[in-house]
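S.K.: As they're listed, the protein sequences go chains R and W.
For the first sequence, the working numbering begins at 3 and goes up steadily by one.
For the second sequence, the working numbering begins at 26 and goes up steadily by one.
The beta carbon of each residue, even a glycine, is placed where N, CA and C say it ideally should be.
Quick caveat, the model's predicted, so the values are computed rather than measured.
Would you mind keeping the following structure in view while I ask a few things?
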Amino acid sequence: MSFGAPLGLLALLALAPVVAAYFLRRKQPPRVVSALFLWRSPDPRAEAGPKLERFSREASLALEALAIAAAALFLADARCGEVAPTAHLVVVLDGSLSMRATVDGASAADRARDEVARLVRAEGAAALTLVESGLKPRVLAGPQLQVARALAALEGWVPSQPAHDVAPAFTLARELATGREQPLFFLTDGPPGAVALPPSVQGRSVGRRAPNVAFLSALRRDVAGVATVTVRVGNFTDEARTVQVRLDDGRGVAHETPVTMGPGASAALRVGLRTSAEVRATLPGDALPDDGDLVLPPAPDEGLAVEVLEGLDVAARAAVTRALSAVDGVTLGAPAGLAVGPPGSAATVRLGAVGELASFVGPFFAKKTNPLLDDVQLGGVVWTAGAGPVPGEPLLSAGTVVLASEGDDGVVHLNLDLTRSNVQRSVAWPVLWGNLARRARTARQGFPRRLVSLGEDVAVVTAPGRSWSLEGPSGEARPLLGVGALSLPALTPPGAWRLLADGVEVDRLAVVPLDAAESDLRTRGPWAVEAPRVTALASLASSRPRAFGFVVVALAALLVDFWLTARRRA
Amino acid sequence: MTGEGPPDVTGVRRADGGAPPTRDGPPDVAAVERAAAGRALRFPRVPHRGRLGAVRAASVGSSMELHDFRAYHPGDDLRHVDWNAVARTGELVVRVRQDEVSPRVEVVLDASASMAVSAEKAARAKELALWVCELSRNAGGEATLLLAGGEGLRVTGPGMRPALLAAKADGRAPFDVALARLPPLRPCGVRVVVSDFLVEAPPGPLAERLARDAASAVFVQVLDADDVDPPGGAGARLTDAETGEVLERLLDAGALAAYRERLAAHVAAWQGAARRVSARWLPLVASATLDELARRELSWLAEGT
């Protein structure tokens, strides 16, 4: 005996309450009677022997148990004397965002689900492995999961990947397949020829051609309480279109502008809104509404306060102040994101020379991979440094003297005596301070960019000593290490992501579904590419329906039980 | 189900844990005395025996009541010769006088546990036994109480009332079995049997045994109201008061009707058996008071003094 849906055997759990109810029914309230023999019913069957009588009393329970067992066997799709389906089906599903496109009331993802179910029936598969393609392919169900459970997992599938290469998904599916010759099935909505299918992959498109208007890019800049939103709208239809672009800051319609585009063309729109709240940009509904609905959070604060601590000599203070005045967004004051002070102070940038002074003429030996030295040209400059020890990893050095270094705690040491140097009069000086300011900005906890397109890597800064996590639009949380600046692979699905520190929201990120390749639905349409069949797989196909005899047995048992019970009461 | 044996062929389970508790009830002595006041036991017009007393006996004796005349036979007491008749007829004629006795009354009380399925039934049975004893005493009879239950008890005289008050209807043996443990019943007395007669044994032999050698026998059947008209309901775990046997039944209308039908057949069988042994059958329900019973169902037993 084999079971097509073993979970149906869970119906046997119904035996427990039935048996319990039977014994509970037997526990009648006690009553003492004078003559019990007057209550006995003369039963001709009793005269045949106690076993028959016992069976008569237990018949109801036995029939009810039989009905439950038959129902459980039916639900479990029990098959006797039949070869159980053992085929393993491996299906690669295109996880791109365009699979959400809805045409004629059904999305491509819905059609892909139907197609998987049809494949399972056609191939008589007992085990199913589902792989979703994407920037990073993943196993949706499996490997070799029971068909019912795999199909159940597929019901919750939401494709949300940007345009991507499906080859890694094929590689993963091939590794999960039972044998090298086993054909793989690929379900996509992509245009024919867009994907190079390996010989053993049978491809089928469930996509439908549809017109679509989508956002192609979005940008928001916040300056002095004014949010400047720039969006580009693409027309993926075969005719000129005029659409209303609607920008809403949550307090009603803030701005609505018609945009006219030729077929296949795009148009940009820039709007300034006096708001610091999230702005929602929407387009009229179409086949793929996801790419016409964006939520643009406020841009991170670009401002940086720099504090010059006491103890810095006058020349140094003047040189630093002059250099910072050339850096955009930097102000002097507290609380400071960047502090400048003499050696031995608590500043994050410590400027000054200790010990016997020596002057060097550039260029110097530099660690050019460090972003602090980006575009810092020191050729011909005179750098006077002290002979005292400089902690941290050297960034600049002249001979055995370290001119600049960076400690493990992020403190930058500039071994420089500005009274005997001309660095402050060179181009490198403001560039160096610009780099320092940029690093100070990026070192702030949270997202340096709060608006990223689908498929883009995400930068985030965390601090040690706290429990960090990233919460997605559907509520699932991913833990993050508190190690400073992190670069995360592209986040899916699109939507609002929250950065949490010890359970408290620190920052918010918007992943917007902007992908011209996914928004263009004009090239979609059904197609199929067959692959060589493996005879062993086809031989396991089964189209035999469920054994409805079990249902007949269950109903018959219930009817007999009803008849017995009714007769006893009569 | 713990502690119960397997069901027998009729679905009855043996309760190995013992018989169920009974609900014995004390008799209302005052009510008995009220019901017996001004009444005496009605003795049947058939010969009976007893100790010397005030009731005419079947035997020839020396009382003042003239019974007959007959010719003198040698050996007759010359004191009984009616000399007036001799003078008139010239033949020796003797007066035959009837003996006067104190009639023997035996009250057999069923003390099996089925008589105590309710306090009302137990009390009424004891009141009835006591009432018959009182009636007997009012009639000049000599009552003997026999408790058929447990080891069996026979009490006569002043100790009868305390024995009856202290009696417990907790016998675990059916009435017919308990009867066999009693001292032998004495012949030629008036015998009143108080029981529910709800025994599974055939009524014929048991009735014959109860009425054997008695001058007259009265079978008083005391039934509880629930015995006559049991309440229905979803179901019940029926336990026999004496044997502890258990039977689970759905007490629907059909089951109740079947029970009443079997009870009626059982009572009819006992009535027939009583009639065959010339015993009087007096059925009554314990829900009525003794005074009501004395005026209705039991009026045949008593007569005014």
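#1: Considering Cα atoms alone, identify which of Val460/R, Leu77/R and Leu40/R is closest to Val553/R.
#2: When you compare only the Cα positions, how much space is there between Val245/W and Gln30/R?
#3: Identify each residue in the segment 111-137 of chain R for which the Cβ-Cβ distance to at least one residue of chain W is less than 8 Å, and report them in chain order.
#4: For the beta strand (DSSP E) that contains Glu167/W, what are its first and last residues?
#5: Quick one: grab the DSSP three-state call for Ser62/R.
#6: Return helix, strand or coil for Ser43/R, following the three-state DSSP convention.
#7: When we look at the beta-carbon of Ala74/R and count the other beta-carbons within 10 Å, is it buried (16 or more) or exposed?
#8: Report the residue ranges of all beta strand (DSSP E) runs contained in full by the segment 461-533 of chain R; include only those spanning at least 3 residues, in chain order.
#9: Glu225/W touches chain R at which residues, Cβ-Cβ below 8 Å?
#10: So which residues on chain W does Val34/R lean against when the C-beta distance must stay under 7 Å?
#11: What's the C-alpha gap between Gly266/R and Thr239/R?
#12: Mind checking if Val310/W is an interface residue toward chain R, Cβ cutoff 8 Å exclusive?
#13: Check whether the Cβ of Ser161/W lies closer than 8 Å to any Cβ atom in chain R.
#14: Just checking: is the beta-carbon of Gln30/R within a distance shorter than 8 Å of some beta-carbon in chain W?
#15: Shorter than 8 Å from the beta carbon of Asp249/W to some beta carbon of chain R?
#16: Taking the beta carbon of Glu532/R as the centre, do at least 16 other beta carbons fall within 10 Å, making it buried, or is it exposed?
#17: Please name the residue in Arg186/W, Asp254/W and Leu307/W whose C-alpha comes closest to that of Arg285/W.
#18: Does DSSP put Asn424/R in a helix, a strand or coil?
#19: According to the neighbour-count rule (16 or more other Cβ atoms, all chains shown, within 10 Å of its Cβ), is Phe262/R buried or exposed?
#20: Given a cut-off of 8 Å, decide if Phe366/R and Leu314/R are closer than it, judged by their beta-carbon atoms.
#21: Chain W beta carbons: is any one of them nearer than 8 Å to that of Arg569/R?
#22: Could you work out which residues of chain R lie near Ser139/W, taking near to mean beta carbons separated by less than 7 Å?
#23: Using a Cβ-Cβ cut-off of 7 Å (strictly less than) and excluding sequence neighbours within five positions of Thr567/R, which residues of its own chain qualify?
#24: Where does the unbroken beta strand (DSSP E) through Ser207/R begin, and where does it stop?
#25: If we call anything under 8 Å between Cβ atoms a contact, is Leu275/R one with His257/R?
#26: So, with DSSP's three-state summary, where would you put Leu249/R?
#27: Look up Ser161/W in the DSSP assignment and say whether it is helix, strand or coil.
#28: Answer yes or no: does any C-beta atom of chain W fall closer than 8 Å to that of Ser43/R?
#29: Which residues of chain R have a Cβ atom closer than 7 Å to the Cβ of Asp252/W, listed in chain order?
#30: In the DSSP assignment, what residue or residues form a beta bridge with Asn237/R?
#31: Could you please tell me which residues of the segment 284-302 of chain W, in chain order, have their CB closer than 8 Å to any CB of chain R?
#32: Among residues of its own chain, excluding the 5 on either side of Leu539/R, which ones have a beta-carbon nearer than 6 Å to its beta-carbon?
#33: Pair every Cβ in the segment 96-103 of chain R with every Cβ in the segment 119-137 of chain R, then say whether three or more of these pairs are closer than 8 Å.
#34: When you compare only the Cα positions, how much space is there between Ala461/R and Leu488/R?
#35: Does DSSP put Val405/R in a helix, a strand or coil?
#36: Are the segment 319-333 of chain R and the segment 473-485 of chain R touching by the rule of at least three beta carbon pairs closer than 8 Å?
M.R.: With the given structure in hand:
#1: Reading the first sequence from its first residue, position 551 is the one you call residue 553/R. For Val553/R, the nearest C-alpha among the options comes from Leu77/R.
#2: Here residue 245/W is taken as the residue at index 220 of the second sequence, counted from 1. Here residue 30/R is taken as the residue at index 28 of the first sequence, counted from 1. Going by the C-alpha atoms only, they are around 34 Å apart.
#3: If you check each beta-carbon in the segment 111-137 of chain R against every beta-carbon of chain W, none falls closer than 8 Å.
#4: As a working mapping, residue 167/W is identified with position 142 in the second sequence. Start and end: Glu167 to Ala173.
#5: Working through the first sequence from its first residue, we reach residue 62/R at position 60. In this structure, Ser62/R counts as helix in the three-state DSSP scheme.
#6: One-based indexing of the first sequence puts residue 43/R at position 41. Note: Ser43/R maps to coil in three-state DSSP.
#7: Taking the first sequence and counting its residues from 1, one reaches residue 74/R at position 72. Buried, by the Cβ-count rule.
#8: Whole beta strand (DSSP E) segments, 3+ residues: 470-473, 479-482, 486-490, 497-503 and 506-514.
#9: Translated into the one-based positions of the second sequence, residue 225/W becomes position 200. Ordered by position in chain R, the residues that pass the 8 Å Cβ test against Glu225/W are Ala37 and Phe39.
#10: The residue given as residue 34/R occupies position 32 in the first sequence. Ordered by position in chain W, the residues that pass the 7 Å Cβ test against Val34/R are Pro45, Val142, Thr264 and Ala266.
#11: Along the first sequence, read from residue 1 onward, the residue named residue 266/R stands at position 264. Along the first sequence, read from residue 1 onward, the residue named residue 239/R stands at position 237. Answer to the nearest angstrom: the Cα atoms are 6 Å apart.
#12: Walking along the second sequence from the start, residue 310/W turns up at place 285. Taking Cβ atoms only, chain R never reaches closer than 8 Å to Val310/W, which makes this a no.
#13: Taking the second sequence and counting its residues from 1, the one referred to as residue 161/W is at position 136. No, because no Cβ of chain R sits closer than 8 Å to the Cβ of Ser161/W.
#14: As a first step, residue 30/R is located in the first sequence; it is residue number 28 there, counting from the start. At least one chain W Cβ lies under 8 Å of Gln30/R.
#15: Within the second sequence, residue 249/W is the residue found at index 224, counting from 1. Yes, because at least one Cβ of chain R sits closer than 8 Å to the Cβ of Asp249/W.
#16: As a first step, residue 532/R is located in the first sequence; it is residue number 530 there, counting from the start. Glu532/R comes out exposed.
#17: Stepping through the second sequence from its first residue, residue 285/W is reached at position 260. It is Asp254/W.
#18: Within the first sequence, numbered from 1, the residue matching residue 424/R stands at position 422. In the structure shown, Asn424/R sits in coil (DSSP, three-state: anything other than H, G, I, E or B).
#19: Residue 262/R sits at position 260 when you count from the first residue of the first sequence. With the sequence shown as reference, residue 262/R is identified as Thr, and Phe is not the correct amino acid for it. When all chains shown are included, Thr262/R counts as exposed.
#20: For the purposes of this step, residue 314/R is taken as residue 312 along the first sequence, with counting starting at 1. For the purposes of this step, residue 366/R is taken as residue 364 along the first sequence, with counting starting at 1. No; because the gap between Cβ atoms is not below 8 Å, this pair is not in contact.
#21: Translated into positions along the first sequence, residue 569/R becomes position 567. Chain W, which has no Cβ nearer than 8 Å to the Cβ of Arg569/R, makes this no.
#22: Along the second sequence, one-based indexing puts residue 139/W at 114. Within 7 Å Cβ-Cβ: Ser36 and Ala37.
#23: Working through the first sequence from its first residue, we reach residue 567/R at position 565. Only Ser62 meet the Cβ criterion.
#24: Residue mapping note: residue 207/R aligns to position 205 of the first sequence, counting from 1. Start and end: Val203 to Ser207.
#25: Counted from its first residue, the first sequence places residue 275/R at position 273. Counted from its first residue, the first sequence places residue 257/R at position 255. Yes, the pair counts as a contact, with Cβ atoms nearer than the cut-off.
#26: Here residue 249/R refers to the residue found at position 247 of the first sequence. Correct three-state label for Leu249/R: strand.
#27: In the second sequence, counting from the first residue as 1, residue 161/W sits at position 136. Ser161/W: helix per DSSP, three-state reduction.
#28: Looking up residue 43/R in the first sequence gives position 41. Yes, Ser43/R lies at the interface with chain W (some Cβ there is under 8 Å from its Cβ).
#29: Numbered from its first residue, the second sequence carries residue 252/W at position 227. In chain order: Ser36.
#30: By one-based count along the first sequence, residue 237/R stands at place 235. Per the DSSP secondary-structure output, Asn237/R pairs in a beta bridge with Val215/R.
#31: Tyr284, Arg287, Leu288 and His291
#32: Locating residue 539/R in the first sequence gives position 537, counting from the first residue. Per-residue confidence for Leu539/R stands at a pLDDT of 44, beneath the threshold of 50, marking its modelled position as unreliable; no derived number is given.
#33: yes
#34: On the first sequence, residue 461/R is found 459 positions in, with the first residue counted as 1. On the first sequence, residue 488/R is found 486 positions in, with the first residue counted as 1. Each residue's Cα considered, the two are about 6 Å apart.
#35: Translated into the one-based positions of the first sequence, residue 405/R becomes position 403. The identity of residue 405/R in the sequence shown is Leu, whereas the question assumes Val. DSSP places Leu405/R in strand when its eight states are reduced to three.
#36: no
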